[in-house]
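*Asks:* 209 is the number of the first residue of the sequence shown in this note's numbering; add one for each residue after it.
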Amino acid sequence: MAVLIDNDTKLVVSGITGREGTFHALNNKRYGTNVVAGVTPGKAGQDVEGIPVFNTFGDAVKETGANVAMVFVPPRFAADSILEAADAEIPLVVAITEGIPAHDELRVYTHLQRTGTRLVGPNCPGILSPGKANVGIIPASFFKEGNVGVVSRSGTLTYQIGNTLAQAGFGNSSIVGIGGDPVPGSSFIDIIELFQADDQTELIVLSGEIGGDAEERAAEYIAEHVTKPVVAYIAGFTAPEGKTMGHAGAIVSGSKGTAAAKAEALESKGVRVGRTPTQVAEIAVEILGG
209 MAVLIDNDTK
219 LVVSGITGRE
229 GTFHALNNKR
239 YGTNVVAGVT
249 PGKAGQDVEG
259 IPVFNTFGDA
269 VKETGANVAM
279 VFVPPRFAAD
289 SILEAADAEI
299 PLVVAITEGI
309 PAHDELRVYT
319 HLQRTGTRLV
329 GPNCPGILSP
339 GKANVGIIPA
349 SFFKEGNVGV
359 VSRSGTLTYQ
369 IGNTLAQAGF
379 GNSSIVGIGG
389 DPVPGSSFID
399 IIELFQADDQ
409 TELIVLSGEI
419 GGDAEERAAE
429 YIAEHVTKPV
439 VAYIAGFTAP
449 EGKTMGHAGA
459 IVSGSKGTAA
469 AKAEALESKG
479 VRVGRTPTQV
489 AEIAVEILGG
């Protein structure tokens, strides 16, 4: 198994006729993902290298049975695109778009609580289930199929951890980038719950960063609900005080939300925390090898 996406995924891409949407939709297709449709208002009847384009998600779902949506439209259109996908009853939406206004993210989050649609992102690298499907911008060639589930706020750190694991001979069940915005559609807890229930996943890696309290809440959840080993990394151990980080959610207030405070919260619940991405992979290999 894997989580969220697999061989049954039928992907529809919003913004497929744009430069970035075309590039990554075709890249996902080349990996083996079943890309069944694209959506761009006013461009129904066109196609992108054989992928049919529809005016709306509703039309795409009706004609192709799409069950996963990827959003690649500009920030000012992204919230409405996510909501339209949810109204079309697509169960999973992956929003790659960066820079969506926070008040739009709040509107989306509130609306989705009343639907059956799960949102991953925005401002995330997407999801990869090696050997099965790739939805997003994760460089899939670095990874191979295995038994380590990864959930991360940072795309590039995810790549480093996964690559080190692969070089040590281990692979991934699924890799889920939840993004670093203040209002993510899915939390660490949402994804860890899936990995705990996934037969393929034997170890979970959590890659967090400074700001907010998502890692502290995950630590409490792990202590109460997770029986599989969890290894963590927190980006920002060496961040200068007062330095603004790249992600909108990486805002530290006083001593709360620091890498040290998050590591202490996780370690107090039995989670081993590496001080570098490479050390995280080494701990994971030690656990799996033992």
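Here a beta-carbon is modelled for each residue, glycine too, at the ideal position from N, C-alpha and C.
Just so it is clear, the structure is predicted and the values come from calculations on it, not from any experiment.
How far does the alpha helix (DSSP H) with L320 in it reach, from first residue to last?
*Replies:* That run of the alpha helix (DSSP H) goes 310-320.
*Asks:* Could you check if S349 is buried or exposed, using at least 16 other CB atoms within 10 Å of its CB as the buried criterion?
*Replies:* It is exposed - the Cβ of S349 has fewer than 16 other Cβ atoms within 10 Å.
*Asks:* So, using beta-carbon positions, are L373 and L414 closer together than 9 Å?
*Replies:* Not closer than 9 Å, so no.
*Asks:* If you follow the alpha helix (DSSP H) that N371 is in, where does it begin and where does it stop?
*Replies:* First-last of the alpha helix (DSSP H) with N371: 363-375.
*Asks:* If you run the structure through DSSP and keep just helix, strand and coil, what is E306?
*Replies:* Looking at E306 - three-state DSSP - the assignment turns out to be coil, as it is neither helix nor strand.
*Asks:* Please name the residue, chosen from V356, G385, N355, that lies closest to G363 on a Cα-to-Cα basis.
*Replies:* Nearest option by C-alpha distance: G385.
*Asks:* By the DSSP assignment, the alpha helix (DSSP H) with G387 in it spans what residues?
*Replies:* Per DSSP, G387 belongs to no alpha helix (DSSP H) and is neither H nor E.
*Asks:* Residues in its own chain within less than 8 Å of S476 by CB, not counting five upstream and five downstream?
*Replies:* These residues qualify, in order along the chain: A427.
*Asks:* Under three-state DSSP, which class holds V279?
*Replies:* Strand at V279.
*Asks:* Alpha carbon to alpha carbon, what distance is there between T264 and K270?
*Replies:* Straight-line Cα distance between these residues: approximately 10 Å.
*Asks:* Leaving out five residues on either side along the sequence, give the residues of the same chain with a beta carbon under 6 Å from the beta carbon of E410.
*Replies:* Within the same chain, E410 has close Cβ partners N355.
*Asks:* When DSSP labels each residue in this structure, what does K270 get in the three-state scheme?
*Replies:* DSSP places K270 in helix when its eight states are reduced to three.
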